[in-house]
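Numbering (the numbering used here), first residue to last: 41 to 465. Glycine is no exception: its CB is placed at the ideal position from the N, C-alpha and C atoms. Just so we're clear, the structure is a prediction, and the values are computed from it rather than from any experiment. Here is the structure we will look at, set down as structure tokens.
Laid out in structure tokens, this is it:
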């Protein structure tokens, strides 16, 4: 007689880790909101300060250069002092950068230091740099912590669930920010004051809660020996090198599209700026959030590597459609917009999935070091935005500029093929 014992799926969140998971997941919303508000600043600064798309790309450069410069120090602080202190420090920097928009706007309006000769654009860039330093601390801590709160087999699904709240923040950000910046009573500092207030409340909450420091056993049983504790030891793994390259190229693609979404919709499809911001929020980023929730559920039943491959094929196809302006070729302008929105659906699971795959095989200390290096990859957003803006400025076509994100997604496709074959082997 054959007795079939049902195979139990691993818990999404490890026993005893529910409260830490909820607290950590709240951070994903905060930085999603902050990063998405950036996507409406480019067009605003172009119009108000009379600068080019290429010059306005300094908005993304300020934030993501901060990621690149701060990620390693953040990893060292977290390794030395723990997740909770690293998160509180990140929240403090976040709040300082957000509230700095108030004096920046007053200087821009001539109500503060009118004779100092300060250019308001540089004040805002400085505030964004400090804010970006805070975001680097938060992401360096929260991504590996969320991935580690349970069985390693459910890490990708768990991190995608946390990142879904990042998608919620991304959806709300342009909607609220667009109304405040482009509405009847425009104010650049208001969305940042709102963010600063939320961050202070969350920081006070984290000061009162003790987060458990994770042990190696909660991560993986085949971890790198912790005796090999040099900063660059994680680079000895080929899989990690390929994974961080894929993450960099993903950031180039995802952030550059978000940053110039409003430009694309106003220039190519004659949208109003506020309507374009609304479409970014309630179209692209809402699809992005829902796709992450769906992806988390799918990957509880399907291997993460296989789902990543399917999504990579989708992003390459959709971005090709936008670059070729397939809608104009076929006489269906909405088809190009549909391809643009499809990119958001296919790319949604890429960052958390690649991140979780990269962390496989690392112990607790190595996980913190690997995470620090991976959180340098948002600098790709500054690179991608600059290249895409430069391409559009010199070609005169926003559609042609989509060659930049297309190439990034091609790299992710190659990586997904690699990890898929490795898993089969």
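- Taken in chain order, the region 415–455 contains no complete beta strand (DSSP E) segment of 3 residues or longer.
- Contact check for residue 111 and residue 415: beta-carbon distance about 4 Å, within the 8 Å limit, so the pair qualifies.
- DSSP places residue 293 inside the alpha helix (DSSP H), whose first and last residues are 278–299.
- Pairing residue 55 with residue 190, the inter-Cα distance amounts to about 8 Å.
- Residue 146 sits in a helix when the DSSP states are folded into three classes.
- In the three-state DSSP reduction, residue 154 falls in the coil class, being neither helix nor strand.
- Here the alpha carbons of residue 224 and residue 309 stand approximately 23 Å from one another.
- For the options 221, 148, 132, the alpha carbon positioned closest to that of residue 241 is the one of 132.
- Judged by beta-carbon spacing, residue 214 lies beyond the 8 Å limit of residue 279, meaning their Cβ atoms are not closer than that value.
- Annotated three-state conformation of residue 374 is helix, per DSSP.
- In the three-state scheme derived from DSSP, where H, G and I count as helix and E and B as strand, residue 214 is classed as helix.
- Below 8 Å, enough C-beta pairs join the region 427–444 and the region 86–101 to call them touching: three or more.
- Between residue 67 and residue 305, the alpha-carbon positions lie close to 30 Å from each other.
- Distance from residue 366 to residue 359 at the Cβ level is roughly 11 Å; contact not present, criterion being Cβ atoms closer than 8 Å.
- Secondary structure remark: continuous alpha helix (DSSP H) runs of at least 4 residues inside the region 286–368, in chain order: 301–308, 313–319, 326–338, 344–363.
- Boundaries cannot be given for residue 140, as no alpha helix (DSSP H) includes it and DSSP labels it neither H nor E.
- Residue 240: member of the alpha helix (DSSP H) spanning 230–248, first to last residue.
- In this structure the region 203–212 lies against the region 328–337, because at least three pairs of beta carbons, one per stretch, are closer than 8 Å.
- Nearest neighbour of residue 105 by Cα position, chosen from 124, 86, 173, 87, turns out to be 173.
- Counting every other CB atom within 10 Å of its CB across the protein chains shown gives residue 193 a total below 16, marking it as exposed.
- Ranked by Cα distance from residue 402, the first of 113, 277, 81 is 277.
- The Cβ-Cβ distance between residue 217 and residue 80 falls below 8 Å.
- Secondary structure of residue 55 (DSSP, three-state): coil.
- Collapsing the DSSP output to three states places residue 388 in coil.
- Using a 10 angstroms sphere on the CB of residue 59, the tally of other CB atoms stays under 16, which defines it as exposed.
- Taking a contact to require three or more Cβ pairs closer than 8 Å, the region 319–328 and the region 337–344 do not qualify as touching.
- For residue 92, the three-state secondary structure derived from DSSP is coil.
- Within the same chain, Cβ atoms closer than 7 Å to the Cβ of residue 385 are found at 327, 331, the five residues on either side in sequence being excluded.
- For residue 113, the enclosing alpha helix (DSSP H) begins and ends at 98–121.
- The Cβ neighbour count for residue 272, taken over all protein chains shown within 10 Å, is under 16; the residue is labelled exposed.
- Straight-line spacing of the CA atoms in residue 314 and residue 374 works out to 19 Å.
- DSSP places residue 84 in the helix class (H, G or I) of the three-state scheme.
- Shown here, residue 409 sits in a helix according to DSSP, grouped into three states.
- Contact between residue 170 and residue 126 does not hold, since their C-beta atoms are separated by about 16 Å, which reaches or exceeds 8 Å.
- Contact between residue 389 and residue 449 is absent: CB atoms are separated by about 13 Å, not below the 8 Å threshold.
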